[in-house]
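Please read the structure below before turning to the comments.
2 protein chains.
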Amino acid sequence: MRISFKGDYALKTILDLSVNSKKGLVRIGEIAKRQDVPLKYLEQILLLLKGAGYVSSKRGPAGGYYLAKKPSEITVGEIIRLTEGYTSPISCVSKSCYVKCNDELRCPFRPLWTDIRDMINDVVDKVTFADMCERKEKLEKKNIVNYEI
Amino acid sequence: MRISFKGDYALKTILDLSVNSKKGLVRIGEIAKRQDVPLKYLEQILLLLKGAGYVSSKRGPAGGYYLAKKPSEITVGEIIRLTEGYTSPISCVSKSCYVKCNDELRCPFRPLWTDIRDMINDVVDKVTFADMCERKEKLEKKNIVNYEI
DNA sequence: ATTTACTATACTATATCCGTCTACTTAGTA
DNA sequence: TACTAAGTAGACGGATATAGTATAGTAAAT
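From first to last, the protein sequence lines stand for chains V and X.
Going by my numbering, the residue at position 54 of the first sequence is 54; the numbering climbs one at a time, nothing skipped.
In my numbering, each residue's number is its place in the second sequence (first place is 1) plus 1000.
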C-alpha cells in the first residue's frame, strides 16, 4: 500500500464530511480550505467519491456536498481501494485489484507480501469513519489541554 | 509501502546473485533471462545497487556482477528503502525518508499509518537474503514433489 | 444573474523501457 | 611484444505511459 496525495485528500474529505455534513451541505471551498487541499484537484476527487456512492451533491446557491452513507458504514480501507487501487504492498497479492505474475508458486517473496497485506487489511478494514471522528475529537481535546498548559 | 517494478526487480536481482554468485560472476543477461526483467532497465537498477554498495562488477569477457556483501547481511527492507524510498504507507510517518505534513499532532490518520509502518518494518527488516535463499529452496522442493504427483 | 457543482483538457513529473555509443578487459594472433 | 577482436559493463538520450496537478470553461439550481 502507498497513500498518495489523492488517497490522503479523499480520506480527509470523507472525514471532513463525516464531521460537518450533520449541519447541512458543505461547499468544496470549505473542505479545500479546512483540509488544505488544492480546490480543483478536490473537485475531481469528489466526483470519484460521488461516482462510487460515498457522497451526494446539490448544485446552485446553498449547494454543496454531503455524505451518502453513515460514517459508521464507510471504512478507511474502502476509500484507499477506491483511490489507490489496492491496499496490498504489490498488486500480485491484491484481492481487489489482482494482477497475475509469472511463477507465483515458486516466488519466495510472495509469503512476505501476503503477510503484510493481511496485516494492513486487518487495520484499514476495521476502522470506520465513525471511529475516525472519535479519534479526531480526542486528539483535539488533548491538544487544547496542551495549549492551556 | 508499495513495491513497484523497480523494487521487485531489485529484490529478485539480489536474490539471484545470492544464489548464483557463489559460482562466480553473473552476467546481466543471465539475470534478466532468469528473472524475466527487461535487460536495459536491469542495467540501471544494478548501477543503483552498485552505488549503494550491495553489488560489485567486473568488465570485459568473463565479467559480470557479484554480491559485495553476504546474503545474511542484506535485508529485504534495505533494498526496498533504496529503490522505493521508504517502507511506510505514507512519507509523513517514514523514518528513512520523512516529509513533514501540516498538523501532525491533530492528524487522526497518523496512528493508523504508524501502526502499519511498524508492522511492515517488523517483517522486512528481519528477513535477510540468506533467509530468502532458504525459502526459495523449500519452495522449489515442494514444487518438484507436486509435479511428481 | 449569481452561485455552486461539473466537465474537459492541458501541463508536469516520474516510472518504465529501449537504442546507441563508449570504456574497459581478456583472449587470441602475428 | 604489439595489435586486433570480441565480450562485457557503463553512460547518455529519448520514447512512452501514468499519476498528479492545474486551467478554463459549461451546466444547473436558486
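Don't be surprised by glycine CBs; every beta carbon is placed ideally from N, CA and C.
If you're wondering where the values come from, they're calculated on a predicted model, not measured in any experiment.
Identity of the residue in the options nearest residue i by Cα
{"i": "residue 71 of chain V", "options": "V:129, V:47, V:98, V:136", "result": "V:129"}
{"i": "residue 1133 of chain X", "options": "X:1062, X:1104, X:1075", "result": "X:1075"}
{"i": "residue 1015 of chain X", "options": "X:1041, X:1046, X:1112, X:1141", "result": "X:1046"}
{"i": "residue 110 of chain V", "options": "V:17, V:88, V:142", "result": "V:88"}
{"i": "residue 107 of chain V", "options": "V:97, V:93, V:122", "result": "V:93"}
{"i": "residue 11 of chain V", "options": "X:1125, X:1090, X:1095, X:1138", "result": "X:1090"}
{"i": "residue 7 of chain V", "options": "V:42, V:28, V:141", "result": "V:42"}
{"i": "residue 114 of chain V", "options": "X:1112, X:1124, X:1113, X:1115", "result": "X:1124"}
{"i": "residue 103 of chain V", "options": "X:1052, X:1026, X:1083, X:1139", "result": "X:1139"}
{"i": "residue 1049 of chain X", "options": "X:1024, X:1062, X:1035, X:1066", "result": "X:1066"}
{"i": "residue 1053 of chain X", "options": "X:1061, X:1068, X:1027", "result": "X:1068"}
{"i": "residue 1025 of chain X", "options": "X:1033, X:1105, X:1057", "result": "X:1057"}
{"i": "residue 1040 of chain X", "options": "X:1028, X:1034, X:1051", "result": "X:1028"}
{"i": "residue 1017 of chain X", "options": "X:1004, X:1003, X:1055", "result": "X:1055"}
{"i": "residue 1131 of chain X", "options": "V:13, V:112, V:136", "result": "V:112"}
{"i": "residue 2 of chain V", "options": "V:120, V:126, V:142", "result": "V:120"}
{"i": "residue 1035 of chain X", "options": "V:44, V:101, V:116, V:141", "result": "V:101"}
{"i": "residue 126 of chain V", "options": "V:144, V:77, V:85, V:99", "result": "V:77"}
{"i": "residue 1020 of chain X", "options": "X:1064, X:1084, X:1082", "result": "X:1064"}
{"i": "residue 1062 of chain X", "options": "X:1023, X:1135, X:1044, X:1096", "result": "X:1023"}
{"i": "residue 13 of chain V", "options": "V:83, V:141, V:117", "result": "V:83"}
{"i": "residue 4 of chain V", "options": "X:1144, X:1105, X:1099", "result": "X:1099"}
{"i": "residue 141 of chain V", "options": "X:1085, X:1031, X:1105, X:1038", "result": "X:1105"}
{"i": "residue 1118 of chain X", "options": "X:1096, X:1144, X:1030", "result": "X:1096"}
{"i": "residue 1116 of chain X", "options": "X:1135, X:1144, X:1086, X:1143", "result": "X:1086"}
{"i": "residue 51 of chain V", "options": "V:143, V:136, V:79", "result": "V:79"}
{"i": "residue 44 of chain V", "options": "V:60, V:9, V:33", "result": "V:9"}
Range covered by the alpha helix (DSSP H) that runs through residue i
{"i": "residue 1020 of chain X", "result": "1005-1020"}
{"i": "residue 150 of chain V", "result": "There is simply no residue 150 of chain V to check, as chain V begins at 1 and stops at 149 in what is shown."}
{"i": "residue 34 of chain V", "result": "28-35"}
{"i": "residue 105 of chain V", "result": "That residue, residue 105 of chain V, is in no alpha helix (DSSP H); it is neither H nor E in DSSP."}
* What are the start and end residues of each continuous beta strand (DSSP E) run of 3 or more residues lying completely inside the stretch 1051-1089 of chain X, in chain order? -> 1055-1058, 1064-1067
* To do: Report the residues of the stretch 129-148 of chain V with a CB closer than 7 Å to any CB of chain X, ordered along the chain.
  => Those residues of the stretch 129-148 of chain V placed with their C-beta closer than 7 Å to a C-beta in chain X are 132, 135, 136, 139, 140, 143, ordered along the chain.
* Asked: For the stretch 91-105 of chain V, which residues have a beta carbon sitting closer than 8 Å to at least one beta carbon of chain X?
  -> 102, 105
* When Cβ atoms are compared, which residues of the stretch 1006-1023 of chain X fall closer than 9 Å to chain V? -> 1007, 1008, 1011, 1012, 1015
* May I ask you to list, following chain order, the residues of the stretch 1055-1082 of chain X that have a beta carbon less than 8 Å from some beta carbon of chain V? => 1076
* Asked: Between the stretch 33-51 of chain V and chain X, which residues of the former have CB atoms less than 8 Å from a CB of the latter, in chain order?
  -> Interface annotation for the stretch 33-51 of chain V against chain X: 36, criterion Cβ-Cβ distance under 8 Å.
* Using a Cβ-Cβ cut-off of less than 7 Å, give me the residues of the stretch 112-123 of chain V that come near chain X, in sequence order. => 112, 115, 116, 119, 120, 123
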